[in-house]
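Using the working numbering, read the first sequence as starting at 3 and increasing by one per residue.
Report on one structure; see the data block that follows.
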Amino acid sequence: MSYQHNKIEPKWQKIWAKNNYKIWHTADKSKKQHIYILDMFPYPSGEGLHVGHIEGYTASDILSRYYRMKGYDVLHPMGWDAFGLPAENYAIKTKKNPKEVVAKNIKHFRKQLQVMGFSYDWQREVNTTDHNYYKWTQWIFLQLYKHGLAYEDEISVNWCPSCKTVLADEEVVGGKCDRCGTLVIKRKLKQWVLKITAYADRLLKDLNLLDWPERVKTMQRNWIGRSEGVDIEFKVVGHEEYIKVFTTRTDTIFGATYLVLAPEHPLIKKITSESSSSEVKKYIEQASQKSDFERQAEIKEKTGVFTGTYAINPANRERVPIWVSDYILMSYGTGAIMGVPAHDERDLQFAEQFRLPVKEVISSDGILMNSGPFNGVPAIIAQEKIALYIGGKKNVRYKLRDWIFSRQRYWGEPIPIIKCSKCGNVPLKESELPLKLPEIKKYQPSGKSESPLADILSWVNVKCPKCKGPAKRETNTMPQWAGSSWYFLRYLDPKNKKKLVDIKKEKYWMPVDIYIGGVEHAVLHLLYARFWHKFFYDIGVVSTIEPFSCLINQGIILGEDGEKMSKSRGNVISPDDIIKKYGTDSLRMYEMFMGPLSFSKPWSSQGVIGIHRFLNRVWYLVTEKDPLLGKKSKKKKKEEKLIVTAEAKRKLKENLKNLERTRHKTIKKVTEDLEKLHFNTAISSLMEYVNQLYEVPLEKVDKKHLESLVLLLSPFAPHLSEELWNSYLKHRKSVTQEKWPTFKPHLTEEIDFVLIAQINGKTRAKIKIKKGINKVEAEKLAKSFSLVKKYLSKKKIKKVIFVKDKLINFVI
RNA sequence: GCCCAGGUGGCGGAACGGUUUACGCAGAGGACUUAAAAUCCUUGACUCUUAAGAGUUUGUGGGUUCGAAUCCCACCCUGGGCACCA
3 MSYQHNKIEP KWQKIWAKNN YKIWHTADKS KKQHIYILDM FPYPSGEGLH
53 VGHIEGYTAS DILSRYYRMK GYDVLHPMGW DAFGLPAENY AIKTKKNPKE
103 VVAKNIKHFR KQLQVMGFSY DWQREVNTTD HNYYKWTQWI FLQLYKHGLA
153 YEDEISVNWC PSCKTVLADE EVVGGKCDRC GTLVIKRKLK QWVLKITAYA
203 DRLLKDLNLL DWPERVKTMQ RNWIGRSEGV DIEFKVVGHE EYIKVFTTRT
253 DTIFGATYLV LAPEHPLIKK ITSESSSSEV KKYIEQASQK SDFERQAEIK
303 EKTGVFTGTY AINPANRERV PIWVSDYILM SYGTGAIMGV PAHDERDLQF
353 AEQFRLPVKE VISSDGILMN SGPFNGVPAI IAQEKIALYI GGKKNVRYKL
403 RDWIFSRQRY WGEPIPIIKC SKCGNVPLKE SELPLKLPEI KKYQPSGKSE
453 SPLADILSWV NVKCPKCKGP AKRETNTMPQ WAGSSWYFLR YLDPKNKKKL
503 VDIKKEKYWM PVDIYIGGVE HAVLHLLYAR FWHKFFYDIG VVSTIEPFSC
553 LINQGIILGE DGEKMSKSRG NVISPDDIIK KYGTDSLRMY EMFMGPLSFS
603 KPWSSQGVIG IHRFLNRVWY LVTEKDPLLG KKSKKKKKEE KLIVTAEAKR
653 KLKENLKNLE RTRHKTIKKV TEDLEKLHFN TAISSLMEYV NQLYEVPLEK
703 VDKKHLESLV LLLSPFAPHL SEELWNSYLK HRKSVTQEKW PTFKPHLTEE
753 IDFVLIAQIN GKTRAKIKIK KGINKVEAEK LAKSFSLVKK YLSKKKIKKV
803 IFVKDKLINF VI
């Protein structure tokens with residue numbers, strides 16, 4: 003029969019819950035060693051926790067419990083990222099208020115996390131939709147505004163027709179809304195924008211300081227997209243104007259046979275010749291109606307139109323035609339390029355389409371040709387020289403664009419700005435924060451590029467703080483990412499009414515030592531949070547330049563069929579079902595045993611049973627209830643009695659002696675594996691230990707083995723461990739308040755080893771012998787084995803390789 | 001197309017210059033049981049062989065080495081990211 007997890011687990015959850023989980027409260031002072039272990043806080047959806055959440059949260063919980071036992075001051079908090087579209091859309095669908103929905107979901111999530119036995123310091127719980135919290139989100143906005151990093155701009159933005167709001171570039175995936183999958187269209191709107199580009203260089207450079215997965219760093223690097231190049235001006239023939247282009251390939255300028263402007267380029271109107279003007283106008287109109295997605299779909303076929311005007315290539319003084327094409331983006335560089343069809347694939351495609359000349363200027367071995375005074379110069383050297391020659395200006399450009407920060411939705415932080423027709427934008431005073439989100443009945447998005455807040459006249463209409471004239475509040479709200487860009491700081495000081503965070507506390511805890519979460523936040527949350535953190539550093543709110551020193555992405559848990567879990571596939575594993583059947587401890591431990599944390603791996607129902615079996619074995623071992631007791635046949639019992647021979651006695655003695663070594667080895671292995679986050683192998687070594695303990699009769703197992711085992715197991719399976727520690731091993735303290743077991747290094751080493759005897763690298767004999775024998779002895783020993791002898795006979799030994807305590811290899 | 005990660009039994013994985021397949025799952029055989037479940041014991045890559053044994057095997061092909069899953073080169077495949085960014 004299985005141990006009764008249904009009784010044990012709720013029992014201990016109740017005990018831990020006493021005094022608001024006092025047992026996990028962080029001391030927050032004085033300890034020399036401290037560690038901040040952080041989970042990416044969840045979005046409390048109606049679905050509840052899924053197995054993927056549990057994987058990351060279990061890993062961080064195990065580490066937290068381990069470091070507490072090691073005597074560290076551990077900060078391990080939890081909170082809720084609850085503003086944003088999912089809650090609002092769900093509320094609209096079910097005709098409820100988002101506030102109610104969120105409150106209900108949070109309650110459910112909190113309960114589930116407590117059932118998982120996660121050791122959070124619940125005193126520090128934060129909720130991004132709580133006005134005591136978003137007061138500080140608004141405060142941050144005011145600081146950004148004051149420092150010129152928040153500005154309004156009339157720009158072409160991504161608009162989701164279904165969510166009826168503007169989206170940030172980061173929220174558009176493959177031309178579709180990241181939330182609902184609707185095709186995103188372009189719309190020109192006045193929007194609040196945060197100047198993340200001012201931090202582009204630092205965001206890029208400081209990636210090198212971080213212990214993060216390489217792919218996440220790569221993704222951020224690509225997103226920031228730095229390129230060094232040169233701005234070059236082309237004089238327009240017959241006009242005063244110059245067209246500025248940006249290129250990273252100045253060495254190819256002698257091959258520039260035309261220029262192309264983005265359809266939105268401001269100079270087009272001025273320079274287009276009369277005869278071409280109607281055609282150009284038509285083209286621009288068409289282009290403006292295309293979405294980014296449509297533009298991308300046309301990569302294969304380039305479109306464009308000639309302006310009828312020419313410019314002068316500053317390198318060779320040749321006249322080159324000026325074209326307009328939507329393969330050039332206004333948002334990158336100068337919105338204009340020099341077309342070098344011989345050395346750029348896209349330009350070549352365009353040139354072929356419109357029969358423009360292709361002029362090769364670099365030979366296959368990278369030497370310049372057809373380039374006037376630069377013929378014969380290697381391309382790498384020519385870069386610099388030509389830039390000088392034509393008077394180009396070095397410049398660094400980024401793909402990263404400023405962060406569009408307003409949303410036309412109800413469920414978000416109100417932006418603390420008042421709009422006055424006389425005074426323009428007037429920020430609220432800090433003392434006026436929080437600017438509370440008004441409670442309203444109608445919060446469906448209007449679709450009119452305004453938030454539903456615009457209809458609450460009593461809230462919108464205010465006096466201008468400056469001129470006292472009539473004014474209106476900003477009705478757009480902040481995006482979901484606002485609250486999550488700084489929450490990890492609020493945990494340090496969640497009740498502080500005067501400051502976002504006390505700098506002393508920040509100095510003590512930051513940066514986060516271990517941050518665990520999914521890879522889906524690689525460029526959104528993680529980039530925004532880094533941006534804000536650097537800003538906080540600049541204005542003296544924090545002392546650290548990066549928020550998360552070590553990041554770990556847990557892999558995705560797939561369904562049993564090896565496919566991604568989804569309702570439509572019907573392969574979703576519900577944590578609740580597993581807990582009911584096998585208990586929280588089995589679920590936690592199975593997810594850790596599946597494989598390395600960062601791997602994606604399929605679920606196995608049988609695998610959970612395997613872990614459950616193991617926990618049962620531990621239970622019977624400690625409670626001394628041999629499951630076979632009373633079940634053995636008379637015949638077998640009689641047999642066992644007879645078998646107690648001298649040989650068996652000797653073996654038992656040896657086994658008991660080996661157990662002590664195994665105990666030390668297991669402590670070492672589990673400790674080291676935990677530090678490296680190798681949870682799966684830590685569990686394997688615990689299994690090996692238990693297997694060995696089962697090899698001697700239960701009554702002969704010393705209590706210290708059981709104690710070490712339970713202590714080592716406790717971070718993984720806390721409920722079972724508490725029960726065994728308390729009720730069977732008779733300790734008063736909670737097991738997690740005990741000290742982590744230690745090992746003696748000399749006892750982790752074996753006395754014997756297996757000498758591998760090889761001939762030409764092939765293993766021919768394995769000889770168990772005491773460690774420390776020398777080459778001569780080993781050679782003699784190996785040769786005494788018949789198989790080795792057989793292979794060595796009549797052969798000449800060229801060389802003998804001997805590796806101490808490992809192997810001997812005869813080369814013949 | 002470019003960038004990143006990875007290819008080891010039937011499966012998840014372990015080892016990361018020295019016994020390939022630890023640990024677990026599934027499989028086979030057995031014990032207990034009226035029976036089933038649970039539990040326990042044995043077994044466990046492939047090919048040839050009655051067996052002893054021999055040979056092959058870490059995606060493929062080369063190389064370095066006494067010795068390679070591990071290091072180097074080329075290629076193939078899978079997963080993920082980016083994608084007209086000048």
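Glycine is no exception: its CB is placed at the ideal position from the N, C-alpha and C atoms.
On a predicted model such as this, the values are computed, not experimentally measured, just so you know.
- Here R204 is not bridged, per DSSP, to any residue.
- Judged by DSSP in its simplified three-state form, R403 adopts coil rather than helix or strand.
- For Q351, the three-state secondary structure derived from DSSP is helix.
- When DSSP assignments are scanned along the stretch 732-769, the uninterrupted stretches of beta strand (DSSP E) that are 3 or more residues long and fall wholly within it turn out to be 754-761.
- Straight through space, the alpha carbons of D540 and N21 are spaced by roughly 40 Å.
- Burial check for Q193: the Cβ neighbour count within 10 Å reaches 16 or more, so the residue is buried.
- The beta carbons of I799 and L757 sit about 17 Å from each other, so the pair does not count as a contact at 8 Å.
- For the pair V218 and A524, the CB atoms are nearer than the 7 Å cut-off.
- Within its own chain, the residues whose Cβ lies closer than 8 Å to the Cβ of D754, once the five positions on either side in sequence are excluded, are K770, I771, K772, K773, listed in chain order.
- When DSSP assignments are scanned along the stretch 429-513, the uninterrupted stretches of alpha helix (DSSP H) that are 4 or more residues long and fall wholly within it turn out to be 459-462, 483-486, 489-492, 505-511.
- Per DSSP, S279 lies in no beta strand (DSSP E) segment; the continuous alpha helix (DSSP H) that holds it begins and ends at 279-291.
- Close CB contacts of A152 within its chain, under the 8 Å cut and outside five residues either way in sequence, are with F143, L146, W194, V195, L196, K197, F407 (chain order).
- Here F812 is bridged, per DSSP, to I761, V802.
- Rounded to the nearest whole angstrom, the CA to CA distance from K16 to D578 is 18 Å.
- Taking 8 Å as the upper bound for CB-CB distance, G54 and I558 are in contact here, some 6 Å apart.
- Its chain contains T250, R399 as the residues whose beta carbon lies nearer than 6 Å to that of S229, once the 5 sequence neighbours on both sides are disregarded; these appear in chain order.
- Of the residues assessed, H535 falls on the buried side of the cut-off, its CB having 16 or more other CB atoms within 10 angstroms.
- If you draw a straight line from the Cα of E626 to the Cα of K702, it comes to about 11 Å.
- Beyond the five residues adjoining it in sequence on each side, H614 comes within less than 6 Å, by CB distance, of Y584, S588 in the same chain, given in chain order.
- In terms of Cβ geometry, S158 and K178 do not form a close pair [threshold 7 Å].
- If you look at F111, you'll find it in the alpha helix (DSSP H) that goes 100-117.
- Checking the DSSP bridge columns, you'll see Q193 partnered with D155.
- Per the C-alpha coordinates, the member of K506, D704, S423 positioned closest to L623 is D704.
- Around the beta carbon of I339, 16 or more other beta carbons lie within 10 angstroms, which makes this residue buried.
- In the structure shown, H523 adopts helical secondary structure according to DSSP, grouped into three states.
- The beta carbons of T479 and R411 sit closer together than 7 Å.
- Here DSSP, grouped into helix, strand and coil, assigns T305 to coil.
- Here the stretch 265-283 lies against the stretch 238-253, with 3 or more beta-carbon pairs under 8 Å apart.
- Around the beta carbon of D203, fewer than 16 other beta carbons lie within 10 angstroms, which makes this residue exposed.
- Rounded to whole angstroms, the gap between the alpha carbons of A170 and D41 is 24 Å.
- If you draw a straight line from the Cα of A353 to the Cα of D346, it comes to about 10 Å.
- For the options K424, K292, P268, G310, the alpha carbon positioned closest to that of S278 is the one of G310.
- P375 sits in a helix when the DSSP states are folded into three classes.
- By the CB criterion at 7 Å, D213 and C422 fall outside the cutoff.
- In this structure, the straight-line span from the alpha carbon of L714 to that of N573 is close to 34 Å.
- For V168, the uninterrupted beta strand (DSSP E) segment begins and ends at 167-169.
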